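In our numbering, the protein residues as written are 11 to 347.
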């Protein structure tokens, strides 16, 4: 079922799974207003196939009542009562349904927020808590209209990643890593003000508030979804984040023998290798991840082994010496053994 068409491409339409249209029509019949939000709308305008569907439901304040409406279609799991999110699994799909909400910063880190759901919020106020304009668009399924209070569609045309609100943006330090992976994946430039705010978060050491698993999730998206992961790592360098990954930072300025590596130092070489490996990714996500990590870490031993011998730069035994910094780097991202 079509939702809407692009004006410049009338044949390019977004479609929904049949079961989802039935669910949305049922919600409308119950007097509610379902709005498709976030990634599925963004991806439509980026010509990316949508795999995840998030729906905000307006006109209802009780999560239990929403659950009663949804459970007739499949299994409903409360993903987070405080966030007002229900996961519905049916016919092989998983849909996220949420109540509109506002957030107030109450503590440090990614989860230090007090959340209040309110089904009577207008869409603009509900979308204000989101990170970037491209993620703050919605589609009102009842009226079949695009909701774009922060001009996300225009930013997609301009290929610019722009935050929504200065105050709310800096409250969540994870957004720095999200900026990195989104900019790389979509090959967008960071809005100047957004760049400055990200730098401020880094300089104030707010990234240290984040759980390493949260950081790893964003790095994974960078490695697995960007055509040129190098774009993200260049941004990591420019924003000052590399100090948290000293095993990578020391690659900068680690020279190589130009006869074999005319491209430059080990940092440049590693980024080029990442982009080449990205071209070889398969449908096996786990395999892709360990291969991308292997490429990222393959020369971590060079900074401690490089020397000039007979007028040439050598890095004897760098493979062996790279084991320890590789382990140290992985431990920065995960507690898994």
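All C-beta atoms in this analysis are idealised placements derived from N, C-alpha and C, irrespective of residue type, glycine included.
On a predicted model such as this, the values are computed, not experimentally measured, just so you know.
In chain order, each beta strand (DSSP E) run of at least 3 residues that lies wholly inside the stretch 265-326: 317-319, 322-324
Go through its chain and collect everything with a Cβ distance to residue 317's Cβ below 7 Å, but skip five positions before and after it. 324
Compare the beta carbon distance of residue 107 and residue 65 with 8 Å and say whether it is the shorter of the two. yes
Name the DSSP bridge partner or partners of residue 68? 43
Assess, as a yes-or-no matter, whether the stretch 42-60 is touched by the stretch 142-154 under the definition of 3 or more beta carbon pairs within less than 8 Å. yes
Hey, residue 204 and residue 194: beta-carbon distance below 8 Å or not? no
Considering only C-alpha positions, which residue in the set 248, 187, 206 is nearest to residue 221? 187
How many angstroms separate the CA atom of residue 83 from the CA atom of residue 259? 51 Å
For residue 125, which three-state DSSP category applies? strand
Using C-beta distances below 7 Å, list every residue in its chain close to residue 55, excluding the 5 sequence neighbours before and after it, in chain order. 163, 166
In the DSSP assignment, find the unbroken beta strand (DSSP E) run with residue 96 in it and report its ends. 95-100
Would DSSP call residue 142 helix, strand or coil? strand
Residues of its chain near residue 96, where Cβ-Cβ distance is below 8 Å and the 5 sequence neighbours each way are ignored: 73, 76, 77, 80, 86, 87, 88, 89, 106, 107, 108
Can you tell me where the beta strand (DSSP E) with residue 155 in it begins and where it stops? 155-157
Residue 29 to residue 339, Cα distance in whole Å? 44 Å
What three-state label does DSSP hand residue 250 in the structure shown? coil
Residue 224 versus 345, 47, 24, 70, residue with shortest Cα-Cα distance: 345
Quick test of your reading: residue 206 and residue 180, contact by CB under 8 Å. State the CB separation rounded to the nearest angstrom. Not quite, the Cβ-Cβ distance comes to about 10 Å (not below 8 Å), so this is no contact.
Evaluate residue 11 with the Cβ neighbour count: other Cβ atoms within 10 Å of its Cβ, from every protein chain shown; 16 or more gives buried, anything less gives exposed. Because residue 11 carries a pLDDT of 38, less than 50, the predicted location of this residue cannot be relied on, and the following value inherits that uncertainty. With fewer than 16 Cβ atoms within 10 Å of its Cβ, residue 11 is classed as exposed.
Uninterrupted alpha helix (DSSP H) stretches inside the stretch 196-264 (no shorter than 4 residues): 202-213, 222-235, 239-248, 256-259
Do residue 9 and residue 267 have their C-beta atoms within less than 8 Å of each other? Absent from the structure is residue 9, since the part of the chain shown begins at 11 and ends at 347.
Start-to-end residues for the beta strand (DSSP E) that takes in residue 103: 103-108
Can you give me the start and stop residues for the alpha helix (DSSP H) that residue 165 sits inside? 162-168
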